[in-house]
Structures are given as structure tokens and as C-alpha cells.
Amino acid sequence: MSALRNDSLLRALRREPVPRVPVWLMRQAGRYLPEYAALRARAGSFMALATTPSLATEVTLQPLERFDLDAAILFSDILTIPDAMGLGLSFAEGEGPRFARTVDDERAIATLVAPDLARLRYVFDAVREIKQALAKRVPLIGFAGSPFTLACYMIEGGSSADFAKVRKMAYARPELLDRLVAINAEAVTSYLGEQIAAGADVVMLFDTWGGLLPAADYARFSLGPMRTILNQLPQDVPTIVFTKHGGNSLASMVESGASCVGLDWTVDVREARRRFGDRVAFQGNLDPIALLTDPATVAAAARSVLDDAGPAPGFIFNLGHGIVPATPPEHVAILVDTVHQASARPVAIAGRVGG
Ligand code: CP3
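Here my numbering is used: the first residue of the sequence shown is 2, the next is one more, and so on.
Okay, structure coming up:
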């Protein structure tokens with residue numbers, strides 16, 4: 002792993018000094034890139050891209066051809082696990098995900114089991130092919146959805162403005178939700194273990210909806226199962242945990258066992274680093290909407306996040322949530338170059354921590 006030509010992400014995750022702050026973007030491959038739209042049109046659907054390792058490899062590398070990014074992230078989706086459980090996933094053009102079946106009552110939850118990993122082999126094959134194509138240029142990030150975020154889509158059958166069915170279950174039938182997230186945790190643990198075995202250098206948990214829950218329920222249904230996963234993964238592989246709107250539970254996320262906590266754009270990164278920067282690395286947290294402005298505003302916004310994060314080791318620049326489809330690709334180039342230039346400094350002599 003140290004044989005990577007650019008290992009600044011891995012160094013930052015270990016809170017070691019880096020020559021410049023590493024940067025990658027959540028959802029860096031996708032609909033804001035014309036070359037992605039063209040390939041998706043040729044493949045016919047999102048799932049055709051995701052389940053064909055050579056196409057998933059091509060999409061993973063697209064943003065790295067354009068921008069000087071410090072990491073690649075596997076092109077896939079968090080919903081591959083419920084799909085492999087038999088829920089029947091599809092993505093209609095311009096719409097969100099849809100499941101043919103939901104898991105929303107006692108019987109469906111009682112009979113649910115973690116999927117046979119053979120049904121997810123296309124993901125592990127993609128990881129192997131991407132690693133080969135990267136040729137040690139940058140690390141590869143594998144990922145999965147958090148058990149609670151997966152449960153949200155499984156119960157609701159698709160996206161939702163407020164996930165009211167799920168939140169109702171947390172009050173009315175908490176034992177059912179406990180079982181659902183426990184099965185998801187078991188599935189995610191073996192899924193990420195297999196991604197690591199196939200070559201993922203880092204793994205990340207995307208918890209998009211945990212921040213909808215009251216603090217005690219977040220601890221029970223979202224963070225608890227993530228902690229179970231993190232404790233079972235190989236301890237030498239760095240991990241990132243990201244809960245959108247999780248700022249209220251920052252102290253417990255720091256204790257989750259992850260190497261790094263991802264922050265959304267609402268969190269005060271200066272305060273997070275001051276309180277917990279000696280315990281975990283942080284990743285974030287530019288508002289993705291800032292990328293819709295103009296070059297000067299993008300550059301100023303990037304410098305402002307870097308100023309707030311400060312020079313101490315253990316910071317990875319990212320957005321506070323996924324890049325939005327209307328983002329001009331030129332603004333992404335400006336962002337990445339600004340982060341590198343504004344944070345560049347001589348590497349500290351071995352053993353001496355800069356800043
Ligand atoms: O970061 C990356 O570039 C890697 C690929 C990746 C995708 N989805 C590709 C994708 C990752 C890491 C995800 C994670 C994901 N998927 C999350 C967690 C992160 C987040 O954004 O909150 C969630 C909640 C999903 C579920 C999902 N997948 C939704 C709600 C949608 C539709 C709306 C949307 O954001 O695009 C998807 C589809 C999806 N996943 C697309 C891509 C590139 C677009 C599909 C298309 O081409 O139509």
C-alpha cells in the first residue's frame with residue numbers, strides 16, 4: 002500500500018503530515034460529467050454500468066482523467082445490497098431509486114437474510130479491475146451504505162422527503178427496526194470485507210439519513226450498527242464514517258472506531274478539529290452548492306474551508322455532501338487546484354509534525 006505513487010489520502014487518514022491536503026469529492030463520477038452521461042446512454046441504465054466491471058472501471062476513472070484528485074471511489078451504489086437481497090432495484094432516468102418490493106412489515110423483516118455475496122461478485126470484480134487500471138496512481142475507496150440508511154430505502158421502497166414510514170417504525174415497532182439494521186450490518190460487514198480483500202485501500206460508510214433521528218435513536222439505529230461493522234473490519238484498513246446532519250452527535254461519531262469522520266457543510270470544522278483533531282481525521286466540508294457559483298467564489302470558498310481546518314495533520318478536503326448534477330466541471334478543476342496550491346508546504350522532516 003505504501004507503494005502507491007500518491008498516498009497522501011492514506012497519510013492524512015493516519016493523521017501524518019502531507020505535502021498538500023488531499024482532495025476527492027463525494028459522487029465525483031456521475032451526471033455532471035458529459036462523458037458519464039454519454040456512457041450511461043450507451044449502456045442503457047445505471048445498473049448496466051454498475052454491474053459491468055469494465056464499464057464501472059471506466060466511470061471510476063473518468064473524473065481522474067480530468068482532475069488532479071487524490072483518490073478514486075468505486076463506481077457503484079449503496080443500494081446493491083438490498084438489490085442482492087431480492088428487492089429488485091431500478092433507476093429510472095432523472096428519478097431516484099425504486100425497489101420492486103419493500104421490507105416494511107413483521108413478516109418481511111422476520112424472513113430477511115443477508116445476501117449471498119456471490120450475487121455481488123460484480124462489485125468485487127470491479128474493485129479488482131479498477132485497482133489494476135489505477136496502477137498505483139492513487140488509493141481506491143470502497144464503500145457501503147449505513148445499515149440505517151439502507152433500511153430507509155428498504156422500508157420506503159425509494160427516496161422520500163421525510164422517510165416518515167421509517168421514523169414511525171422507530172417509535173411503534175423499534176424491535177423490528179433493530180432486526181432490520183442488524184441484518185444490514187451483517188451484510189455490510191461481509192460486503193466491505195470482500196471489497197478490502199479485492200483491493201480497496203480505504204472503506205467509507207455513507208449514512209445519508211441517520212441525521213433525521215433524535216439523538217438517542219441515532220445512537221441505537223444508526224451509529225450502533227456502524228460501530229459493530231467498524232469493529233469487525235481489518236484494523237489496518239482506514240475507515241471513514243459520514244452521517245449527513247450528524248453534527249449533533251459528533252462526539253459519539255468520534256468514538257465510533259472510524260479513522261475519519263466526514264462532516265457535512267453545516268458543521269463548524271474549526272471547532273470539530275479543535276475538540277477532536279487529536280483523536281480522528283476529519284473530511285469535508287464545502288457546501289456542494291458553492292460549486293454552482295463562479296471561479297473566484299469557488300476558490301475563495303475552498304480557501305475558507307482550508308483556513309477553518311487549519312494546518313494540523315488529519316484533514317481531507319471534500320464536499321459536505323455529493324456533488325450536484327448542475328455543477329460545471331471547470332469549477333471542479335478550480336476547486337481541486339485551489340486546495341492543492343493553498344495547502345502546499347514543504348514536507349516536515351521525518352518525525353517532525355508540521356503545523
Ligand atoms: O461517489 C461516487 O462517485 C461513487 C459512486 C456512488 C453513487 N452513489 C453513484 C450513483 C456513491 C458513493 C453513491 C452513494 C449513494 N447512493 C448514497 C449515499 C451518498 C449520498 O449521496 O447521500 C445514496 C443515498 C444513494 C442512493 C441513490 N443512488 C440515489 C438517491 C440516487 C438517485 C439520485 C442521485 O443522487 O443521483 C442514486 C443513483 C446514482 N448513484 C447515480 C450515480 C452516479 C445516478 C444514476 C443515474 O445515472 O441516473
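Cβ atoms here follow ideal geometry from the backbone N, Cα and C, with glycine treated the same way. None of the values given here were measured: they were computed from a predicted structure.
Contact check between the region 62–72 and the region 328–348: three or more CB pairs, one atom from each, fall below 8 Å, which counts as touching. Looking only at 274, 236, 168 and 316, the smallest Cα-Cα distance to residue 217 is reached by 168. Contact check between the region 170–179 and the region 231–240: fewer than three CB pairs, one atom from each, fall below 8 Å, which does not count as touching.
In this structure the region 45–54 does not touch the region 148–160; the number of beta carbon pairs closer than 8 Å is below three. Considering only 252, 52, 299 and 110, the residue with the shortest C-alpha distance to residue 174 is 110.
Check the Cα spacing between residue 307 and each of 6, 5 and 24: the tightest is with 24. Counting only runs of 3 or more residues that sit fully inside the region 185–219, the beta strand (DSSP E) segments are 203–208, in chain order. Proximity of the beta carbon of residue 77 to ligand 1 is indicated: a heavy atom of the ligand is located closer than 7 Å. Residue pairing by DSSP places residue 101 opposite no residue, since no beta bridge is assigned to it. Taking a 10 Å sphere around the C-beta of residue 326, we find fewer than 16 other C-beta atoms and assign the residue as exposed. Judged by the Cβ position, residue 63 fails to qualify as a neighbour of ligand 1 at the 7 Å threshold, every heavy atom of the ligand being at least this far. Going by DSSP, residue 284 is part of the beta strand (DSSP E) stretching over 282–287.
Within the chosen limit of 7 Å, ligand 1 reaches the beta carbon of residue 30 through at least one heavy atom. By the neighbour-count criterion, in which 16 or more other beta carbons inside 10 Å mark a residue as buried, residue 132 falls on the buried side.
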